[in-house]
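As structure tokens, the structure follows; a few thoughts come after it.
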Amino acid sequence: MLNPNLDEIQLHPEEYERFSRHLILPEVGLEGQKRLKAASVLCIGTGGLGSPLLLYLAAAGIGRIGIVDFDIVDKSNLQRQVIHGTSWVGKPKIESAKDRIQEINPFCQVDLYETRLSSENALDIIEPYDVVVDGTDNFPTRYLVNDACVLLNKPNVYGSIFRFEGQATVFNYEDGPNYRDLYPEPPPPGMVPSCAEGGVLGILPGIIGVIQATETVKIIIGKGRTLSGRLLLYNSLDMTFRELKLRPNPVRPVIEELIDYEQFCGIPQAKAAEEAEQSAVPEMSVKELKALLDAKGDNVLLLDVRNPHEWEIAQIPGAVLVPLPDIEKGEGVDKVKSLLNGHELVVHCRSGVRSAKALGILKESGITGTNVAGGILAWSEEIDPSVPQY
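With our numbering as the guide, the letters of the sequence shown map in order to residues 21 to 410.
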């Protein structure tokens, strides 16, 4: 897999100049550069992690790069997904990534898979590549990538990020551990917020993605000590790196086939519970809210249950802030009771999920109200475009 016939690999005359700083490194040299050109790497995702690692893998001289992604570039991506630019907003991420990669290294073959990786296609997509780099942001896909790499005996270069912290390691390499040794069971759905929910420092995925790229290059040229068996933990606020040892679990289940990873991670059950929670409270659209406020705004208590730092970004005029965490702790319930005074209660958040949860808690205390479907995002889109979206 990682032992190509180097006699068959030739560098173009321009590549000698392009990769001259590699060629003069004894640890890389002509042999190492030929190995990089002969290698094929599959990157799952072109988001925060995929962006920097794709840039550096292309610049390093990887001969063939595969990209799996089905998303389009959004303005909110540009704060951290540095492979994409403003002109690509609304267009496929994989096309944006390919355009940038070929600008960096025209000698790189780029394969595009504009699809969601699934149990049905993962083995076929991963099988032709030497190394897999996991740039995903959800647990079902991470378990899927891991299990497919185990079945196909492929190194899995892993990274993850959240807010100000990241981690990286190499799975399934040289008899080392795999992802299931780190996380035998997935956390309950919703326990670990996504970057869209919890936020992420834009620079953080650059650090972790570059570490992933470094590990990939080391595996290909066969130099240095990889992170296999070691979990690297990075805290950007403290600027600290810590290292934990990882070992294969001798009693872990044998991976024999790919399964339904959404079911394994409890996603359908969580969605059903969320839908049941939302359906248990009355809803109104933002247009209905606007009409209600225009008709009898003085008799309406419009409750905003977002967090204070979100409130600073944008507000619906006339809303009162009582954050969901305060309602969950009970003190917010008392505040809502004091504010009601016979008013009609309408509750909103960013998108309508947290406000439905808040109404469920308030209902237990005898307080009923109506949820605003789509939250302040819908208000910005349909009622008042001057309200910032985030």
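Quick reminder that beta carbons are idealized off the backbone N, C-alpha and C, glycines included.
Quick caveat, the model's predicted, so the values are computed rather than measured.
Straight-line measurement puts the Cα of H104 at about 8 angstroms from the Cα of R120. In the structure shown, Y199 adopts helical secondary structure according to DSSP, grouped into three states. Only exposed fits H32, as fewer than 16 other CB atoms lie within 10 angstroms of its CB. Rounded to the nearest whole angstrom, the C-alpha separation of G222 and G362 is 45 angstroms.
Going by beta carbons, V237 and R100 fall outside the 8 angstroms limit. Look at the beta carbons and you see the stretch 260-280 not touching the stretch 47-61: under three pairs across the two are nearer than 8 angstroms.
Boundaries for E364: no alpha helix (DSSP H) harbours it, while the beta strand (DSSP E) harbouring it runs E364 to H368, taken from the DSSP string. Per DSSP, K265 lies in no alpha helix (DSSP H); the unbroken beta strand (DSSP E) holding it starts and ends at T260 to K265. The residue among E37, C369, F39 and S60 with its C-alpha nearest the C-alpha of N23 is S60. By the criterion of a C-beta distance shorter than 6 angstroms, R84 is surrounded in its chain by S60 and Q129, once the five residues flanking it on both sides are discounted.
By the neighbour-count criterion, in which 16 or more other beta carbons inside 10 Å mark a residue as buried, Q232 falls on the buried side.
The Cβ atoms of A398 and V301 lie no closer than 8 angstroms to each other. The alpha-carbon of H42 is positioned some 27 angstroms away from that of Q187. Here P112 is bridged, per DSSP, to I92.
For the pair D89 and K118, the CB atoms are not nearer than the 8 angstroms cut-off. Cβ contact annotation for A79 (same chain, cutoff 8 angstroms, sequence separation greater than five): I124 and N125, in chain order.
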